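**Student:** So that we are looking at the same thing, I have put the structure below in structure tokens.
Chains as they are written, first to last, in the numbering used here: chain A, 1 to 459; chain B, 1001 to 1459.
Printed below as a string of structure tokens:
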């Protein structure tokens, strides 16, 4: 198990970058970050001229391994994906011109249903965890399917690979195909409980994998089912994830299915599903009143721009949500989203914010710094790991990625094994390098990935 | 020179895909395309069971080389980039929150100005031509800078590498920095003529490189300068490229600078710059009357969605432009656009069309097939190569790319050297494979690229 491999002390030297706040990207060119045997950041030094001076300064770091960022490389916090469906990855890139409800029927339900097979699930889930790790995702909130054994298998794989994960067994007892649904409310609750128990048995500390209660969304669950899951969350102290207000026909459908509720948000509120440990994906078409309810309950938001664009769902008003004080992270929402990469999601969040700006006001635009914040510290807050991961502060754990960029030689060719599509011509500041990575980078630039100081991916 | 290397007969076997019309993607699973020594498609066979039968059917093809697409691979027409700035590539990914006019001052003019240096230009242009080729671009309409020697160098590089190119020396004699402008109208015309003459001298047939007259855009050129360039185009029979109606402040500026003109379009019309050989980039904010003028003049449109989104310029109403009967291709518009990849531009065209659909009507959405058409046959019409490249028909030239996708093995890992981010699980139809490529593919999936039957890039 990668998660429990013993590690020695390591000092990460050179350039590191991380978000201090929503608007502030801290780039340190001559840094040294000491990570101890527990994977915890023991010290951070800046303006380091000689690494020997750092080693002298701290007792017991004589034998520490020293890892250099390299001249154009830098260390960056691991990404946090606050919403994705591991079970839908075989459909990544297949959506055509469908929108949410037709997409579910055409692509999603048949694929998820097929993951009752343990061997198929092993292939799909192993592949997808490899993918998300290769894109620098160190923590991921996963939806599996309704099947308990393969949901548990996904948790096994994450634990084995050392990726932090929230793993959810999907519940759905209405408006779902005959071939893929919970037979009853008690089945939905019982099977959710079984998966919670299993996941807690394999990682009692919850340091790497944790269960998460996962009603698919209001149109798939009766009020009784939602209430049963709310009760289960209360009894077991488990996190919750579901979808809200993704597209307009869905909002209308919820209005029809739950005529006694004031709003989509009210459906979940009534069921006891809005808590500080709840992650709601999308939040595209909420009323001001709903936003206030979410804020008061401490509910967190997963912004999924790639999916919202691909399925023509709409543009989430992220600036407004942030201004009100909601906590927002990014989610790839595969396979409504077309990429398991949070770096791609950063770009998509920027594009969506520009489309909002075209229709409303210029300050809707999200900056490079802001989307990187959502992808790291914002995401950490969403998944309940605030202060533990998402940035580089003493006492936080080393969930990080080593980014390497390609240098253009005289004559025009790139050099270096990690030469993806980023071209550095030599004039770039450290901030320019981060920008070039965000707009032109991909998994080729993610050389190494660590969770709690353990290497979990290497290119 | 790659362009003039003698080649033997080659038969490309297996799966090929190309666009028959805007809405029709033709995928042939058992195909054989014979390409002769001139790089011209001599025959196309479908439903081929045995390649020997094809060889027997055609005289003189006994010794032809046979190249297989591979089971999950396919041959696709080379992409046509109808608008990009080779000189701005060092700035790719650097734009921050600027919009068009501030972006020009901050990033673009200083960078372009520095390309007076032959050694710097050699590095930047060689790098960028390598990049566009690696993304499968077989024809590219390039803006260089105002400098004649380095503009000519770009043409030399394209000819040497065998990439079809329109290469334009940029003209700008007003509202430009003191350090980077044409001193006079006669200088603008004379230098343009010098570059036209040089490019025609190195490739008299114009089969690979051609000159293109390139006023930057109306705000950079006096009416006299525009008229002089219109006259030069008439006298020399040269193509023309410029920008139109990219963002609203720019449209307003043109209104102020040319008070006697009815519209932005009218400024170019008055100067004699609207011809069937004219490419106008952007066309985001045109009136219905302007669109009619463009149509009547036979002017072509380069849609640059990545750039329009990155610089918050607006969403071009592509469906409307197509419905009126305008000819549209795609342009990467580096470095307003953040990627030299037309595959990325295909995705961006889809996203922009979805944002238009969110605000207007669902039929604004462009399908996968439609953007691939714009990227190939549409682009060929825009750059004057209609019927010659952009599709696979007998008599057309073999400008093509070999796409290879990654297969997921049991257990979840990918196999194959061309395993980028596309995961094939084995259930996919040929159409699914094309879709997965469009949404998840990148230059890793472009194994080989040919122009006129000559190999110009290999991974």
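Backbone N, C-alpha and C fix where the C-beta goes; we use that ideal spot for every residue, glycine too.
Everything numeric in this text was worked out from a predicted model, so none of it was measured.
Is it buried or exposed, residue 254 (chain A), if we count other Cβ atoms within 10 angstroms and call 16 or more buried?
**Tutor:** buried
**Student:** What would DSSP say about residue 285 (chain A), mapped onto helix, strand or coil?
**Tutor:** coil
**Student:** Do residue 1216 (chain B) and residue 1243 (chain B) have their C-beta atoms closer together than 9 Å?
**Tutor:** yes
**Student:** For residue 1128 (chain B), collect the residues of the same chain with a Cβ closer than 6 Å to its Cβ; drop the 5 residues on either side in sequence, then sort them by chain order.
**Tutor:** These residues qualify, in order along the chain: 1086, 1089.
**Student:** Check whether the Cβ of residue 89 (chain A) lies closer than 9 Å to any Cβ atom in chain B.
**Tutor:** True, the Cβ-Cβ gap to chain B drops below 9 Å.
**Student:** Got a sec: which bits of the segment 1016–1034 of chain B sit with their beta carbon under 7 Å from any beta carbon on chain A, in order along the chain?
**Tutor:** Along the segment 1016–1034 of chain B, none of the residues has a CB nearer than 7 Å to a CB of chain A.
**Student:** Going by alpha carbons, who is nearest to residue 1203 (chain B) out of B:1327, B:1425, B:1159?
**Tutor:** The option with the nearest alpha carbon to residue 1203 (chain B) is B:1159.
**Student:** As a quick exercise: from B:1316, B:1117, B:1167, pick the residue whose alpha carbon is nearest that of residue 1365 (chain B).
**Tutor:** B:1316
**Student:** Can you find at least 3 beta carbon pairs, one from the segment 1206–1224 of chain B and one from the segment 1108–1115 of chain B, that sit closer than 8 Å?
**Tutor:** Contact between the segment 1206–1224 of chain B and the segment 1108–1115 of chain B is not established, with fewer than three Cβ pairs separated by less than 8 Å.
**Student:** Applying the 10 Å Cβ sphere with the 16-neighbour rule, what's the burial state of residue 1359 (chain B)?
**Tutor:** exposed
**Student:** In chain B, which residues lie with their C-beta within 8 Å of the C-beta of residue 315 (chain A)?
**Tutor:** 1355, 1358
**Student:** Taking Cβ positions only, does residue 414 (chain A) come closer than 9 Å to chain B?
**Tutor:** yes
**Student:** I'd like to know whether the C-beta of residue 1456 (chain B) is nearer than 9 Å to at least one C-beta of chain A.
**Tutor:** It does not: the Cβ of residue 1456 (chain B) has no partner Cβ on chain A nearer than 9 Å.
**Student:** Can you find at least 3 beta carbon pairs, one from the segment 1123–1137 of chain B and one from the segment 1185–1201 of chain B, that sit closer than 8 Å?
**Tutor:** Two segments are said to touch when three or more pairs of C-beta atoms, one from each, lie closer than 8 Å; by this definition the segment 1123–1137 of chain B does not touch the segment 1185–1201 of chain B.
**Student:** Using a beta-carbon distance below 9 Å, is residue 1345 (chain B) in contact with chain A?
**Tutor:** For residue 1345 (chain B), the nearest beta carbon of chain A is not closer than 9 Å to its own beta carbon.
**Student:** How is residue 398 (chain A) classed by DSSP in three states: helix, strand or coil?
**Tutor:** coil
**Student:** Compute the Euclidean distance between the alpha carbons of residue 23 (chain A) and residue 374 (chain A), then round it to the nearest angstrom.
**Tutor:** Looking at the two C-alpha atoms, the distance is approximately 10 Å.
**Student:** Is there a Cβ of chain B sitting closer than 9 Å to that of residue 124 (chain A), yes or no?
**Tutor:** yes
**Student:** Hey, how far is the Cα of residue 352 (chain A) from the Cα of residue 1113 (chain B)?
**Tutor:** 33 Å
**Student:** From A:154, A:295, A:180, A:161, pick the residue whose C-alpha is nearest to that of residue 168 (chain A); which is it?
**Tutor:** A:154
**Student:** Kindly indicate which three-state DSSP category residue 37 (chain A) falls into: helix, strand or coil?
**Tutor:** coil
**Student:** For residue 61 (chain A), list the residues DSSP reports as bridge partners.
**Tutor:** The beta-bridge partner set that DSSP reports for residue 61 (chain A) is empty.
**Student:** Report the neighbours of residue 1439 (chain B) on chain A: residues whose CB is nearer than 9 Å to its CB, in chain order.
**Tutor:** Correct list: 92, 93, 94, 95, 310, 338, 339.
**Student:** Residue 947 (chain B) bridges to which residues according to DSSP?
**Tutor:** Absent from the model: residue 947 (chain B). The displayed extent of chain B is 1001 to 1459, so no value can be given.
**Student:** Report the option in A:9, A:324, A:415, A:378 whose CA atom is closest to the CA atom of residue 342 (chain A).
**Tutor:** For residue 342 (chain A), the nearest C-alpha among the options comes from A:378.
**Student:** Is it buried or exposed for residue 429 (chain A), if we count other Cβ within 10 angstroms and need 16 for buried?
**Tutor:** exposed
**Student:** Out of A:4, A:222, A:318, point me to the one whose CA is closest to residue 285 (chain A)'s CA.
**Tutor:** A:318
**Student:** Measure the alpha-carbon distance for residue 267 (chain A) versus residue 290 (chain A) and round it to whole angstroms.
**Tutor:** 11 Å
**Student:** Going straight from the alpha carbon of residue 1063 (chain B) to that of residue 1432 (chain B), what length do you get?
**Tutor:** 35 Å
**Student:** Whole-angstrom Cβ separation of residue 247 (chain A) and residue 314 (chain A), contact assumed at under 8 Å?
**Tutor:** 6 Å
**Student:** Look at the alpha carbon of residue 48 (chain A) and the alpha carbon of residue 54 (chain A), and state the distance between them as a whole number of angstroms.
**Tutor:** Cα to Cα, the separation comes out at about 8 Å.
**Student:** Apart from the five residues on each side of it in sequence, which residues of its chain come closer than 8 Å, Cβ to Cβ, to residue 414 (chain A)?
**Tutor:** 406, 407, 408, 423
**Student:** Of all the options A:305, A:453, A:357, which has the alpha carbon lying nearest to the alpha carbon of residue 83 (chain A)?
**Tutor:** A:305
**Student:** Which word fits residue 1399 (chain B), buried or exposed, when buried means at least 16 other C-beta atoms lie within 10 angstroms of its C-beta?
**Tutor:** buried
**Student:** Grab me the residues of residue 1441 (chain B)'s own chain with a C-beta within less than 8 Å of its C-beta, minus the 5 sequence neighbours each way, in chain order.
**Tutor:** 1343, 1403, 1405, 1420, 1421, 1422
**Student:** Check residue 102 (chain A) in the structure and name its three-state DSSP category.
**Tutor:** Of the three classes helix, strand and coil, the one that applies to residue 102 (chain A) here is helix, per DSSP.
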